[in-house]
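Chemist: Chains Y and X, in that order, are what the protein sequence lines are.
So that you can map any letter, position 39 of the first sequence is 39 in my numbering, and since no number is skipped, the others follow by simple counting.
Going from the second sequence to my numbering is simple: count from 1 and add 1000.
Even for Gly, the Cβ is constructed at its ideal location relative to N, Cα and C.
Just passing along the structure, written as structure tokens.
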Amino acid sequence: MTEEEVRSAVVKIIEDVAPDEDLSEIDDNKALRDQIELDSMDFLDIVMELRKRYSVEVPEAEYPELNSLASCVTYLTPKLKDK
Amino acid sequence: MNQLPRIVITGIGLTAPNGNQLDEYRNNILAGKSGVTTIDTHYMGELIAGCCDFDTFQYQKKKEVRRGTRAGSISIFCANEAIKNATIQFENIDKSRVGVYIGITEHGNVETENEIYNISQFGYDTKFWSHHHNPRTVANSPAGEVTLNLGITGPHYCLGAACAAGNIGLIQGAQMLQLGEVDLALAGGVSESVHTFGIFAAFKSQGALAENDDPEKASRPFDVDRNGIVVSEGGCIYTLERLDDALKRNAHIYGEIVGHAINSDATDFVLPNPKRQGECVQLALNKAGLTPNDINIVNTHATSTPQGDIQECEMIRKIFGNSPNTFINNTKSFIGHCMGAAGTLELAGNLPSFEDNLVHQTINVDNLDPACNIQNLVINEPRKVDSVNYILNNSFGMVGINSVLIIKNYKE
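So this is what it looks like as structure tokens:
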């Protein structure tokens, strides 16, 4: 996956986890939870969906890497490069 | 009960396989329209079932539906509809004085089966088991989802009572109002059981699952060709208030709860005990200070099983056999067995009789079983009567739990 594809995959997961939110104007560099309604259980859904869809494991210690869309892309691109 | 505050029904919210509002539901019943159809299941293919088609998103955000349960969605729809029907200005009332009491046959089987199916797609690796499973399956979940949706901070819980649960939800709500614990009760019963294959499989193994080439003909209490239960989903929640409070706000009063009883068979896990059922009916009559002939409609629990229907008929014959004013009917013939919602939905199917003096019929009785031939059984066509003053509603459940409600036509 390219960085663009990784971003798109993460956005798709967030759309499913937070279906009432408008993601069209999201700022990639700001914390997701400051821009849309995402609680800790939603966040765990994102982790679960990465596991289910892409076999990616995100250890708890690395959850902060999923803070913003930009940090998601940086963190996940190496893990998804062969997907 | 005379010294306690009088409790009245002031609003009704429901979803049934043949209607999502009281008028639609009642009209379809009087027109003889069944709501039974079929459902596809994971492991058993297409099965006869009663399913609801209310708009899930009418009162819930998409995320609420995603996070919650089907039983929660049914409860939320019914609770909101009941409040609307009761013309209560909900935003202006003290939410800490509202209680939510919902009868359930069981809860959590749907979610557990879904998770097992889910992990089966991942080699049964439990790391794919959802973190939502616990909040979805705690026994207070359907009632709790109502409080989350409506911002209610008063008490909420579910009453687990097999298929007697709907009546028991209402009884609990009435008692909490009488004790002064709350000022408004959202009380009733729900069931989402068609979404679990286990209930179908278990009834089939027991030889108690209805089979018929025509789904609409499958639920046929009292007919010689009945062969089992039609599993259905549904919900019916009432707003209950103390009479004085209801009068103060000029509420429409659908009826007054004047008698109720709950008892146990202490006999068998599955088989009913008509003697104990009769004792429960008699107890409710005694509490209401009524004799059998005072009752105008007995809505039976009969589930379309060969033996259970006969046993209930024997019990009714004993108690109401000399009551010319008492008419007997069955609502499951239209909607199947809505489990935790059965008692409250079946009551709702009959409450309009207070206003139209029609006793709704039992459909699908093509050949009445002689063993079920009881006096004043209303079959296939509604019966016009002079007046309806009292309705007695039976709901019985597995492991031997019986519940009976008596509702009076409230007149000023």
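Tell me whether the beta-carbon of glutamate 1145/X lies closer than 9 Å to the beta-carbon of threonine 1069/X.
Modeler: Taking 9 Å as the Cβ cut-off, glutamate 1145/X and threonine 1069/X qualify as a contacting pair.
Chemist: Under 8 Å Cβ-Cβ, which residues of chain X neighbour alanine 18/Y?
Modeler: Per Cβ cutoff of 8 Å: Lys1063.
Chemist: Do you know whose CA, among Val1190/X, Gln1178/X, Leu1186/X, Val1110/X, lies nearest glycine 1160/X's CA?
Modeler: Nearest option by C-alpha distance: Val1190/X.
Chemist: Whole angstroms is fine: what's the gap from methionine 1/Y's alpha carbon to cysteine 72/Y's?
Modeler: If you take the alpha carbons of methionine 1/Y and cysteine 72/Y, they lie about 13 Å apart.
Chemist: Once DSSP output is grouped into helix, strand and coil, what is the label at valine 10/Y?
Modeler: Residue state, collapsed to three classes: helix.
Chemist: Are the C-beta of histidine 1131/X and some C-beta of chain Y separated by less than 9 Å?
Modeler: It does: the Cβ of histidine 1131/X has a partner Cβ on chain Y nearer than 9 Å.
Chemist: Serine 1333/X: which of Arg1097/X, Thr1196/X, Ala1302/X sits nearest, CA to CA?
Modeler: Nearest option by C-alpha distance: Ala1302/X.
Chemist: Compare the C-alpha of asparagine 1263/X against each of Ile1007/X, Leu1150/X, Phe1396/X and name the closest.
Modeler: With distances taken between Cα atoms, asparagine 1263/X lies closest to Phe1396/X.
Chemist: What is the DSSP secondary structure of leucine 38/Y, reduced to helix, strand or coil?
Modeler: Correct three-state label for leucine 38/Y: coil.
Chemist: Isoleucine 1407/X and glycine 1390/X - do their beta-carbons sit closer together than 9 Å?
Modeler: Correcting the residue identity first, residue 1390/X is tyrosine in this sequence and not glycine. Closer than 9 Å, so yes.
Chemist: Span of the beta strand (DSSP E) holding serine 1333/X?
Modeler: Run containing serine 1333/X: none in the beta strand (DSSP E); it sits in the alpha helix (DSSP H), 1332–1335.
Chemist: Distance check for alanine 1187/X and methionine 1001/X, CA to CA, integer angstroms please.
Modeler: Caution applies to methionine 1001/X, whose pLDDT of 45 falls short of 50 and renders its modelled position unreliable; the value that the coordinates give is listed next. Taking the straight line from one Cα to the other gives about 19 Å.
Chemist: Can you tell me whether histidine 1337/X is buried or exposed? The criterion is at least 16 other CB atoms within 10 Å of its CB, across all chains shown.
Modeler: By the 10 Å Cβ count, histidine 1337/X comes out buried.
Chemist: Using C-beta distances below 7 Å, list every residue in its chain close to serine 68/Y, excluding the 5 sequence neighbours before and after it, in chain order.
Modeler: Asp28, Asn29, Lys30, Ala31, Leu32, listed in sequence order.
Chemist: What does the Cβ neighbour count give for asparagine 1018/X, buried or exposed, with the cut at 16 atoms within 10 Å?
Modeler: When all chains shown are included, asparagine 1018/X counts as buried.
Chemist: Which value, in whole angstroms, describes the spacing of the CA atoms of valine 1065/X and glutamine 1003/X?
Modeler: Cα to Cα, the separation comes out at about 43 Å.
Chemist: If you pair each beta-carbon of the segment 1367–1385 of chain X with each one of the segment 1271–1280 of chain X, do three or more pairs fall below 8 Å?
Modeler: No contact exists between the segment 1367–1385 of chain X and the segment 1271–1280 of chain X.
Chemist: Decide if the segment 1099–1110 of chain X is in contact with the segment 1163–1182 of chain X; the criterion is three or more beta carbon pairs, one per stretch, under 8 Å apart.
Modeler: Short answer: they touch.
Chemist: Run through chain Y and tell me which residues come within less than 7 Å of arginine 1066/X, C-beta to C-beta.
Modeler: Those within 7 Å of arginine 1066/X in chain Y are Pro19.
Chemist: Could you run through the segment 1117–1131 of chain X and flag, in chain order, every residue whose CB is less than 8 Å away from some CB of chain Y?
Modeler: Residues Phe1122, Lys1127, Phe1128, Ser1130, His1131.
Chemist: Can you find a CB in chain X that lies within less than 9 Å of the CB of aspartate 84/Y?
Modeler: Limits of chain Y in this structure are 1 at one end and 83 at the other, which puts residue 84/Y out of reach.
Chemist: Can you pull the chain X residues whose beta carbon is under 8 Å from the beta carbon of lysine 52/Y, in chain order?
Modeler: What lysine 52/Y touches in chain X: Phe1122, Phe1128.
Chemist: How is threonine 1041/X classed by DSSP in three states: helix, strand or coil?
Modeler: In this structure, threonine 1041/X counts as strand in the three-state DSSP scheme.
Chemist: Closer than 9 Å, CB to CB, is leucine 66/Y near chain X or not?
Modeler: Not closer than 9 Å to any Cβ of chain X, the Cβ of leucine 66/Y fails to qualify, so no.
Chemist: Which of helix, strand or coil does DSSP assign to aspartate 1294/X?
Modeler: Looking at aspartate 1294/X - three-state DSSP - the assignment turns out to be helix.
Chemist: Shortest alpha-carbon distance to isoleucine 1093/X belongs to which of Ala1371/X, Ile1152/X, Glu1233/X?
Modeler: It is Ile1152/X whose Cα lies nearest to the Cα of isoleucine 1093/X.
Chemist: My parser needs the alpha helix (DSSP H) runs of 4 or more residues fully inside the segment 1014–1070 of chain X; what are they?
Modeler: Entirely contained in the segment 1014–1070 of chain X, the alpha helix (DSSP H) runs reaching 4 residues are, in chain order, 1022–1030, 1062–1067.
Chemist: Taking the alpha-carbon positions, what's the phenylalanine 1197/X to threonine 1037/X distance?
Modeler: Rounded to the nearest angstrom, the two C-alpha atoms are 16 Å apart.
Chemist: Taking only beta-carbon atoms, is aspartate 45/Y less than 9 Å away from chain X?
Modeler: Taking Cβ atoms only, chain X reaches closer than 9 Å to aspartate 45/Y, which makes this a yes.
Chemist: Excluding the five sequence neighbours on either side, which residues of its own chain have a C-beta within less than 8 Å of the C-beta of glycine 1321/X, listed in chain order?
Modeler: Within the same chain, glycine 1321/X has close Cβ partners Ile1374, Gln1375.
Chemist: Relative to the C-alpha of leucine 1184/X, which candidate in Gly1349/X, His1156/X, Lys1061/X, Asp1369/X has its C-alpha closest?
Modeler: When each option's Cα is compared against that of leucine 1184/X, the closest is His1156/X.
Chemist: Quick check on the burial criterion: 16 or more other C-beta atoms within 10 angstroms. Buried or exposed for tyrosine 1124/X?
Modeler: Tyrosine 1124/X comes out exposed.
Chemist: With DSSP as the reference, label isoleucine 1253/X as helix, strand or coil.
Modeler: Note: isoleucine 1253/X maps to coil in three-state DSSP.
Chemist: Indicate whether the contact test is met: 3 or more Cβ pairs, each with one atom in the segment 1077–1094 of chain X and one in the segment 1013–1028 of chain X, closer than 8 Å.
Modeler: The answer is yes - the segment 1013–1028 of chain X touches the segment 1077–1094 of chain X, with three or more Cβ pairs under 8 Å.
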